[in-house]
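S.K.:
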Amino acid sequence: MNPELQRNLWLDATPRKLAFVAAGVAGVFAAVWLLDRGRHPYAVTFAGSMVFFATALAWAPRAARASVTDEVRAGSWDFQRLCALTPWEMTWGKLAGATARSWAGALAGLALAALQLASTSSLRHAGFWVLVALGLAVTLQASGLATGLIDVRRARASGRPLSGRAPGLLLLMLGLFSLAVLVWVRARVGRVLGGLALQASTGTPAAPVWWSGHAFGPLGFAALSLLVLAGWALVWAWRLMRLELQFVNAPWLWAGFLTLAGLYVLGFDPGDAAASPRAARLSAAAHLWAGLAYVAAFAEPADRVRARQFGAALRGRQAGRMLSHLPIPALPSLLALVGGLLVAILYVRGGDPGAAAAVLATLAFFARDLGVIAWRRFAGRGRQADAGVLVLLLALYLAGAGLGRVFGGLHGQALFWPSRTLPGVSLVAGTVEAAVAWLLAGAAIARPAAPRRAPWPGVAAAPDPEPSPASAPSWERRPEPPAADIPVKEQLDRLDP
Amino acid sequence: MIDVEDLVFDYPSGRALHGVSFVVRPGAVMALVGPNGAGKSTLMRCIAALEAPGAGRISVVGLDTRRDPRGVHAALGYLPDAFGLYDALSVRQCLLYAARSRGVDAIDAEAAMATAAAEVGLGDRLNRRAGELSRGLRQRLAIAQAVVHRPRVLLLDEPAAGLDPAARDALAALIRRFAAGGMTLMVSSHLLSELEDYCTEMLVLEDGRVRGEGVVRLADVQAGDLQGRRVLLELAVPVSSLAAVLAALGLDVEQAGDMQAVVRLPEDAGAEAQALGKLVNAGLAVRSFSPQPTTMEDVYAAAVPDASTTLAAPP
């Protein structure tokens, strides 16, 4: 058996703890039975879904994250990093082991819900729902582990202690939310989700999903999409585990994911309302890449040393070192910029240069935002810096645009907001602001950080660049010889009669 | 066994190691000493391939920490100064997990666990939970976890911190046993007295730099001495400005108070008798005049002659 799985089972899946879970699940279904008495055919499905949601989608991702962060806080993470397990063994050992207890409850809830669903609709229908549920659960749990690993890396780089709270999960939710919004708005996945909701609530077969010119059943399409996403989430956690175990990651898999994610979004039918279907598809992909770039900009550890090493590799044209030190946001940012430029070219070709200029202005503000994020994160400290960045970006967009509107009308507003009516002004302002932000970011990266305390037990604190004897209390000053109270000559005279 | 060459390591706040170079021989027990913040833990983490240096090269049992960090992980055991245990697991489970996760085959894991437990004196506590053990026993369990896969190199970062004298003695005995078994050890501490018993070599690190001539072989300096023999002089009657008095007599004074002083004498056989004669002739009430063994603190003082700091007494 995988030793990491075994250890987790020793700790977490004891008979006593499993009995508590079984009792909890049995209690939920007993309560539903007592209240409903079989009057509503979906009551058991609903209760089972709620049990699954609470255990597999809420509890288990948290446990997966804690499987790393708790090790760090307990001081045992270095011991694990020295192990002989492969990164994949460590990844699945932690995922399966840390979530074993929650899976016991989740599978019980899912099984009862699926049986009830199969009896009221069809086995195939229930099977697809099970796949959707499992895909979603694995995605969230692997993402929980991945965000835990991100938190560890971020804390190590910033020198702050690892928090007991869950900024990683917050990051994940932010990422998933922005992804969902972008895809919903741009790629009409709303139709899929809407269809699924309709089918779930009324049993009415939903309209098919058109993807890459083919029609798919919405439930099957969602199940397949989620299973693919779950696979990528596992890859994500595995790649981060590799870094913790001192392997070097080349960016090829990240590039592969970005490409496939772009192709996935490009495949959706933009609908009849789009003036330029090609521009609409490409715009959806560019928005997705931009969203991932924002999330990656926060997920990337603000590690000055690594950033300087990347800069040195860039200047020295050391391709291998450059690729291994490539900042995570670089690729999605590049793809978003290239995608945006292509959209602008399509607009120009379609005879709409105004729209093209607005796209370019948006890209300039996108570059500015990334510069602001880099500047504040490298200049600030940990989570406070993250919060400060969000506040600053909001201030630039809302307060800046508002004040600009008050004092300079539309021209003033266009200085802080990508304007469709004055895209030229926005383009110039965005470019200048981006240049300033990146200059500040460069200065923040080059400047040494203030010394900080150790991020967690077992990890050396970032030292004071010039440690002084006063900072070393265990090493006491050598005692001065006793002061002479009698002149030496007199002493010698006394000794030498 | 451990070969460090021009090692540079940077934290975001500044450089922690400035071109550190040294070699540790196979079978040596090397004391890594220096004040807090000298870079000892950082150096150990780099050797353990837990941190990637900015420049330079580290080789452990012939494996490069950058090119083959996993090979290095397999070849060594490392105990950080603040280690953690799985308190809810028994000693047996802790060691079985350590053995399996460090690459010991399933069929050999039980034997490896029993051997490691016996080595550290936990053989009779296999079913006790780690959380129920005393500080000293927890330390021993952590060391057993670090050596359960029979590594050739063991790195111990401040292993005696927080231990009572009895536990410190037990730790010293354990380290001597490991060394006798052919293991190469590197032990860091800012208290030299606790390293005195078992270390064969010493490296002084200060402000991220190696001080003195690099690795000092203690047997060599104790046999040949550093700059002559050290002699402790004790007086029956106090003399103020004793240092000046002794200097005027042509003696090399290392330390002096009113009642006692340490002087350095040349290695030749007649030097002691000659010096004693001078003291007696000068009218000093000599109570004792005894040669002193060279301690690690002497080596440190020789390595860092301009040091403004010295070692604290052990708690």
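Those protein sequence lines, which keep their order, are chains A and B. With this note's numbering applied, the first sequence covers 114 to 610. With this note's numbering applied, the second sequence covers 2 to 316. In this text, a Cβ means the ideal position worked out from N, Cα and C, and glycines have one as well.
#1: Note down, in chain order, each residue of its chain lying with its Cβ closer than 8 angstroms to the Cβ of A:Ala224, except the 5 sequence neighbours on either side.
#2: Quick one: list the residues of chain B neighbouring A:Gln359, beta-carbon separation under 8 angstroms, in chain order.
#3: Taking the alpha carbon of A:Leu340 as the point to measure from, which residue in A:Ala403, A:Val245, A:Trp551, A:Ala474 has its own alpha carbon closest?
#4: Which residue comes first and which comes last in the alpha helix (DSSP H) that contains B:His74?
#5: Under 8 angstroms between C-beta atoms, does B:Pro13 make it to chain A?
#6: Can you grab the Cα-Cα spacing for the pair B:Arg1 / B:Asp109, in whole Å?
#7: In chain order, what residues of the same chain lie with their CB nearer than 6 angstroms to the CB of B:Ala17, ignoring the 5 residues before and after it?
#8: For B:Val9, write down the residues that DSSP places opposite it in a beta bridge.
#9: Residues in the same chain with beta-carbon distance under 7 angstroms from B:Ala162, minus the five sequence neighbours each way, listed in chain order, please.
#10: Using a beta-carbon distance below 8 angstroms, is B:Gln293 in contact with chain E?
#11: Using beta carbons (cut-off 8 angstroms, strictly below), is A:Ala300 in contact with chain B?
#12: Taking the Cβ atom as the reference point for each residue, do B:Val205 and B:Tyr301 lie within a distance shorter than 8 angstroms?
#13: Would A:Thr212 pass as an interface residue toward chain B - the criterion being a Cβ-Cβ separation below 8 angstroms?
#14: From what residue to what residue does the alpha helix (DSSP H) around A:Trp345 run?
#15: May I ask you to report which of helix, strand or coil DSSP gives B:Ala283?
#16: When you compare each of A:Gly429, A:Arg462, A:Glu202 to A:Arg352 by their alpha carbons, which one comes out closest?
#17: With DSSP collapsed to three states, give me the class of A:Ser235.
#18: Listing by chain order, which chain B residues have their CB less than 9 angstroms from the CB of A:Asp416?
#19: In angstroms with no decimal places, state the Cα-to-Cα distance between B:His19 and A:Tyr407.
#20: What did DSSP end up calling A:Gly257 once you bin it into helix, strand or coil?
#21: At 8 angstroms on the CB atoms, spell out the chain B contacts of A:Glu117, in chain order.
#22: Between A:Pro414 and the rest of its own chain, which residues show a CB-CB distance below 6 angstroms, the 5 nearest in sequence each way excluded?
#23: By how many angstroms is the C-alpha of A:Leu473 removed from the C-alpha of A:Leu427?
#24: If the cut is a Cβ gap below 9 angstroms, which residues of chain A does B:Leu156 touch?
#25: From the DSSP output, read off the bridge partner residues of B:Val105.
#26: Roughly how many angstroms separate the alpha carbons of A:Glu117 and A:Arg194, rounded to a whole number?
#27: I need the straight-line Cα distance from B:Asp88 to B:Ala145, nearest angstrom please.
#28: Note down, in chain order, every chain B residue with its Cβ under 9 angstroms from the Cβ of A:Trp82.
#29: Helix, strand or coil for B:Asp170? Go by DSSP, reduced to three states.
#30: In the stretch 109-165 of chain B, which residue ranges form an unbroken alpha helix (DSSP H) of at least 4 residues, counting only runs that do not cross its ends?
#31: Would you say A:Gly272 reaches chain B, if we count a Cβ-Cβ gap shorter than 8 angstroms as a contact?
#32: Name the chain B residues that come within less than 7 angstroms of A:Arg194, Cβ to Cβ?
#33: Do B:Met45 and B:Glu202 come within 8 angstroms of each other at the CB atom, strictly closer than that value?
#34: State buried or exposed for A:Gln422, treating a residue as buried only when at least 16 other CB atoms are found within 10 Å of its CB.
#35: Quick one: which residues of the stretch 77-89 of chain B get their C-beta closer than 9 angstroms to a C-beta of chain A? List them in chain order.
#36: Leaving aside the five residues before and after B:Val217 along the sequence, list all residues of the same chain whose C-beta is less than 7 angstroms from its C-beta, in chain order.
M.R.: The structure says:
#1: Gly161
#2: Ala50, Leu51, Ala53, Pro70, Arg71, His74
#3: A:Val245
#4: 70-76
#5: yes
#6: There is simply no residue 1 of chain B to check, as chain B begins at 2 and stops at 316 in what is shown.
#7: Phe10, Gly40, Thr43, Gly209
#8: B:Ala56
#9: Asp82
#10: Here chain E cannot be found, since the structure's protein chains are A and B.
#11: Its pLDDT being 48, under 50, A:Ala300 is placed unreliably by the model, and nothing is read from it.
#12: yes
#13: no
#14: 331-357
#15: coil
#16: A:Glu202
#17: coil
#18: Pro13
#19: 37 angstroms
#20: helix
#21: Ser102
#22: Arg266, Arg267, Ala270
#23: 27 angstroms
#24: Those do not exist, as B:Leu156 stays about 10 angstroms from chain A at its closest Cβ, beyond 9 angstroms.
#25: None; B:Val105 has no bridge partner.
#26: 12 angstroms
#27: 15 angstroms
#28: Chain A is shown from 114 up to 610; residue 82 of chain A falls before or after that span and cannot be answered.
#29: helix
#30: 136-148
#31: yes
#32: Leu51
#33: no
#34: buried
#35: Leu77, Gly78, Tyr79, Leu80, Pro81, Asp82, Ala83, Phe84, Gly85, Leu86, Tyr87, Asp88, Ala89
#36: Glu202, Met203, Val300, Ala304
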